[in-house]
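J.: Here the protein sequences come in this chain order: A and B.
Take the first sequence: its letters are residues 0 to 129, numbered as in numbering that gives the first Met the number 0.
Take the second sequence: its letters are residues 0 to 347, numbered as in numbering that gives the first Met the number 0.
For every residue, glycine included, the Cβ atom is placed at its ideal position computed from N, Cα and C.
One structure, pasted below without further comment.
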Amino acid sequence: MFPSRYWREIPHRYRLEAGKCTGCGFVAFPRRLVCPQCGQREFETFKLKGEGELLTYTVIHVGPSAFVDDTPYALGIVKMDDGVNITAQISDIGLDNIEVGGRYKIEFRKIQSDGHSGIHAYGYKFIPIR
Amino acid sequence: MIGITGYGAYIPRYRIKVEEIAKVWGTDAPSYKRGLQLWEKSVPGPDQDTITMSVEAGKNALIRAGISGEKLGAVYIGSESHPYAVKPSGTVVGEALGATPDCRCADFEFACKAGTEAITCAMAQVAAGNVKYALGVGADTSQGAPGDALEYSASAGAAAFVVGQDNLIAECELTYTYMTDTPDFWRREHEFYPQHGSRFTGEPAYFKHTFGCAKGIMEKAGMKPEDFAYAIFHQPNGKFPMRAGLKLGFTKEQIEPGWLTPRLGNTYSGASPIGLTSTLDIAKPGDKILVVSYGSGAGSDGFIFKVTDRINEVRNMVKHTVWYLDENKVYLDYGTYAKFRGKIRKND
Ligand SMILES: [Zn+2]
C-alpha cells in the first residue's frame, strides 16, 4: 500500500464523500471524472449517510496477503439509502448470522497494516445495525 | 462559561472473562475476581485501535453537540496506545470527522490521564478564544503482559467530548491537577508490555494523587461530597475507585453509575471519561459531577461539572454507554483473544 495512493482516497474512505453530478444528479462513489449518465464533468461533494441494506455477500477463505490473518471474512455489497451500492468487508458479526436484506451501517475501522513497519490504512466496513 | 457541548462513548463488542485468562495461566479466578473486583474486560477487534474508537466516539459526541466536524477548531487525543510511535492519531481522527484543515491537533500521553489532559487542553483553547469548539478524546487499547495481573484488566474503549461555550450540556465550574514524579508504572521504548511497581501502584501512587486531587478541587470549590450527585474516579480495577470514593466520603450510589470497570476492565485513558459519559446518560439538570482521573507517573486531573437542561434533549440522540457495555457483547476464548491482540508471534 503506497502512502500516496492511500492519501488520495482519504475523502471517500474516511468520510464517505461521493460526487453528485450537477447535471443529472447521478451519485458516483468513489468520485468520477465524467458522469456515466449524462457525460458532464462537474460534480459537487455529497456525503453519504452511511446506512443501507445488504444486497449480497461472499465469504473469502483464501485472502490476499494483507488479509490472511482475517480469513474467513465476508465481503458484502450494501445498497445505501442514498442510492449507491458500496462493497466493503462486513465486521462485528458471525458469518452464520449474515442475512441478505439486513440493515448495515458504516463504521470507521482499520483495513490493513503494511507489514510491521509500513502505514496503517483506515477506512469503512459494514457492521450490522443493532 | 466553558463546558461540554456534546459527549460520546465507544466500546468494542468483544469480551473475555477472568476465568478464561486464569485457565491459561493456572491462576485462581475467584481470587482475582475478588481482588480486582472485576469479572470481564472489553477486547478490541483486529480492525480496531485507538484511532478507530476515537472516530466513533467523536461521531457520537458531534451528534449530541449538534454540530458538524468542520466546526472543530482543535482535535486532541489522549492515549498510551497511539497506533504510531511517530505520526499523530489526531490527524486521522480530525480528517475522518471532517475537521481538517482549519484545525489544531496534537496527541497527548500521560499514562491513564492522557484523556483528561486532552479534554483540559480542549477547554483551554476554547477559554483562550482561539477556537469555538474543540474535541478532547480519551482512548486506549492497552495490553498487559501475558500472565501479569494487568492482563486481567487492560481493556479497550473511548470517550469524546466536544467542548464549547454555547449549547452546553454540562458547565465546567472548576479544574485542578495534582501531580508529582512517581515511578509506579512505565514502558521503555521498544518494549511491548509495560511494567509496574506492584503494591507501589496503590498507596503512594493511585490513592495519594486521587485523594490529593479530589480534596484539592473540593477545597478550592468550597464543596463537600454531599454537594455532588455523582463522582467518577479513575478505575484501574473495580476495587480502587470504590475504596477511594468511599474513603473520601462519597456513597456507593454516587459512584456506581460511572463505576464500569467490573464489567469493562481498565480502559486507561478512556476510564474516567467513559465513566463520565455513562453518568451523563442518567444525570438530571442541576446535578454536580466530580471527575478525578489518575495517570501513572503520576498525576490526577479533577473537574467539577454542573449538568444543564440541555442534557434531556441530547442523551438519547445516540446509544447510551451501557448499551455498548451490556447489550452488544460477544465472548472470546483465550486463543482468539491472543490472536486479536497480536500476542502470537508469526513469520512474515
Ligand atoms: Zn450526470
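1) Out of A/Phe-1, A/Tyr-13, A/Ile-110, A/Phe-125, state which residue places its alpha-carbon closest to the alpha-carbon of A/Asp-68.
2) Among the residues of its own chain, which have a CB less than 7 Å from the CB of B/Tyr-175, if the five just before and after it don't count?
3) With a cut-off of 8 Å, does the C-beta of A/Lys-139 fall near any C-beta of chain B?
4) At a cut-off of 7 Å, would you count A/Phe-25 as near ligand 1, judging by its Cβ distance to the nearest heavy atom?
5) Strictly under 8 Å for the Cβ-Cβ distance: is A/Asp-69 near chain B by that measure?
6) Applying the 10 Å Cβ sphere with the 16-neighbour rule, what's the burial state of A/Trp-6?
7) Give the DSSP-derived three-state secondary structure of A/Ser-59 in the structure shown.
8) Quick one: what's B/Asp-289 bridged to in DSSP?
9) Heavy atom of ligand 1 less than 7 Å from the Cβ of A/Gly-22, yes or no?
10) Please classify B/Trp-24 as buried or exposed, where buried requires at least 16 neighbouring CB atoms within 10 angstroms.
11) Rounded C-beta distance between B/Gly-77 and B/Ala-127? I'm assuming under 8 Å.
12) Residues of chain B with CB closer than 7 Å to the CB of A/Ile-9, please, in chain order.
13) Please tell me whether A/Asn-96 and A/Leu-54 are closer than 8 Å, where the distance is taken between their beta carbons.
14) DSSP three-state call for B/Thr-174: helix, strand or coil?
15) How should B/Glu-116 be labelled, buried or exposed, when 16 other C-beta atoms within 10 angstroms of its C-beta is the threshold for buried?
16) Would you say B/Pro-45 reaches chain A, if we count a Cβ-Cβ gap shorter than 8 Å as a contact?
17) Looking at B/Lys-40 and B/Ser-152, is the spacing between their C-beta atoms short of 8 Å?
18) Take B/Tyr-379 and list the residues in its own chain whose beta-carbon comes closer than 6 Å to its own, dropping the five residues that flank it on each side.
19) Please compile the residues from chain D whose C-beta is within a distance smaller than 9 Å of the C-beta of B/Ile-50.
20) Which residues mark the beginning and the end of the beta strand (DSSP E) in which A/Lys-109 is found?
21) Spell out whether any CB of chain B is found under 8 Å from the CB atom of A/Ser-90.
22) Given a cut-off of 8 Å on the beta-carbon distance, is the pair B/Cys-120 and B/Val-74 in contact?
23) Can you list, in chain order, the residues of its chain whose CB lies under 6 Å from that of A/Gly-18, leaving out five sequence neighbours each side?
24) Curious, which full-length alpha helix (DSSP H) runs of at least 4 residues does the stretch 34-104 of chain A contain?
25) Alpha carbon to alpha carbon, how far is B/Ile-20 from B/Gly-146? Give it in angstroms, no decimals.
26) Looking at the unbroken beta strand (DSSP E) that takes in A/Phe-125, where does it start and where does it end?
27) For chain B, find out if any of its Cβ atoms is closer than 8 Å to the Cβ of A/Arg-30; answer yes or no.
28) For the beta strand (DSSP E) that contains B/Ile-168, what are its first and last residues?
29) Taking the beta carbon of B/Lys-345 as the centre, do at least 16 other beta carbons fall within 10 Å, making it buried, or is it exposed?
30) Verify whether the separation of the beta carbon atoms of B/Thr-181 and B/Ala-297 is less than 8 Å.
31) Does the pairing of the stretch 23-38 of chain B with the stretch 59-75 of chain B give three or more beta-carbon distances under 8 Å?
32) What do you reckon, is the C-beta of A/Gln-36 under 7 Å from a heavy atom of ligand 1?
33) Determine which residues of the stretch 62-85 of chain B have a Cβ less than 8 Å from any Cβ of chain A, and write them out in chain order.
34) Could you have a look at B/Gln-142 and say whether DSSP puts it in helix, strand or coil?
35) Can you list the alpha helix (DSSP H) stretches of 4 or more residues lying completely in the stretch 57-110 of chain B, in chain order?
T.: Based on what the coordinates show:
1) A/Ile-110
2) If we look at B/Tyr-175 and ignore the five residues flanking it on each side, its Cβ neighbours are Cys-212, Gly-215, Ile-216, Lys-219, Gly-301.
3) Limits of chain A in this structure are 0 at one end and 129 at the other, which puts residue 139 of chain A out of reach.
4) yes
5) Chain B contact via Cβ: present.
6) exposed
7) The sequence as given places Ile at residue 59 of chain A; Ser does not occur at that position. Per DSSP, reduced to three states, the secondary structure at A/Ile-59 is strand.
8) Contrary to the premise, residue 289 of chain B reads as Leu rather than Asp in this sequence. According to DSSP, which records beta bridges pairwise, B/Leu-289 is partnered with B/Ala-230, B/Ile-303.
9) yes
10) exposed
11) That belief does not hold up - the Cβ atoms of B/Gly-77 and B/Ala-127 are roughly 19 Å apart, past 8 Å.
12) Glu-94
13) no
14) strand
15) buried
16) yes
17) yes
18) Residue 379 of chain B falls outside the range modelled here, since chain B spans only 0 to 347, and no answer is possible.
19) Protein chains in the displayed structure are A and B, and chain D is not among them.
20) Counting along the chain, the beta strand (DSSP E) containing A/Lys-109 begins and ends at 102-112.
21) yes
22) Cβ distance not < 8 Å, so B/Cys-120 and B/Val-74 don't count as in contact.
23) Excluding five sequence positions before and after A/Gly-18, the CB atoms of its chain that fall closer than 6 Å to its own CB belong to Ala-27, Arg-30, Phe-42, given in chain order.
24) none
25) 8 Å
26) 119-127
27) no
28) Note, B/Ile-168: premise wrong, no beta strand (DSSP E); not H, not E.
29) exposed
30) yes
31) Too few Cβ pairs lie closer than 8 Å, so no.
32) yes
33) Residues of the stretch 62-85 of chain B with a C-beta less than 8 Å from any C-beta of chain A: Pro-82, Tyr-83, listed in chain order.
34) coil
35) 88-95
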